[in-house]
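Report on one structure; see the data block that follows.
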Amino acid sequence: MNQVAKLIKPNLGESSLRRDLDLKKQIRADATNDLESLTEDFQHMTLVVESIHRNYQALLSENQLLKDTLFSLVDDCDCWEGNRCDRCQQILNALAGKQAQKKANPAREYKEILKQLRKLG
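Just so we're aligned, residue -7 is where the sequence shown starts under the working numbering, counting upward by one.
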């Protein structure tokens, strides 16, 4: 008796489906890894920004302390408003000059700050 082996054609639709599902699984795994990496990057950037914020706040505090000290020197001097001595006039001119410069070019200062931040990143 002859037995005939029946050859089964592979189901091409099933193979294609398996490949598609495997590919989707790999894409999802890659996307998950990318999101985890992005999360780590954002956490690092957050730490950098917080550090910059703390340093800037400290700088502003020191700057205010220096201004207060200079005004205190002027207040403690024997001269008076409208008739300041040369030293007090120099102090007041220096304080006024810095403030006038800030008011004149805030956009330029903003661009400089952005440029410095971009160099950090």
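We treat Cβ as the ideally placed atom computed from N, Cα and C, and that holds for glycine.
DSSP bridge partner residues for residue i (one or two, in chain order)
i: Asn47; result: Paired residues: none, contrary to the question.
i: Asn163; result: No information on residue 163 is available, as it lies outside the stretch -7 to 113 that the chain covers here.
Own chain, CB closer than 8 Å to residue i, minus 5 neighbours either side, in chain order
i: Leu9; result: none
Among the options, nearest to residue i - alpha-carbon criterion
i: Asp60; options: Ile105, Lys17, Leu84 and Ala21; result: Leu84
i: Gln108; options: Ser29, Val40 and Lys16; result: Val40
i: Leu62; options: Gln82, Asn75, Tyr48 and Asp70; result: Gln82
i: Cys80; options: Gly89, Cys69 and Ala88; result: Cys69
Secondary structure of residue i, DSSP reduced to three states
i: Asn75; result: strand
i: Asp22; result: helix
i: Asn97; result: coil
i: Cys69; result: coil
Contacting residues, own chain, Cβ-Cβ under 6 Å from residue i (five flanking each side not counted)
i: Lys111; result: none
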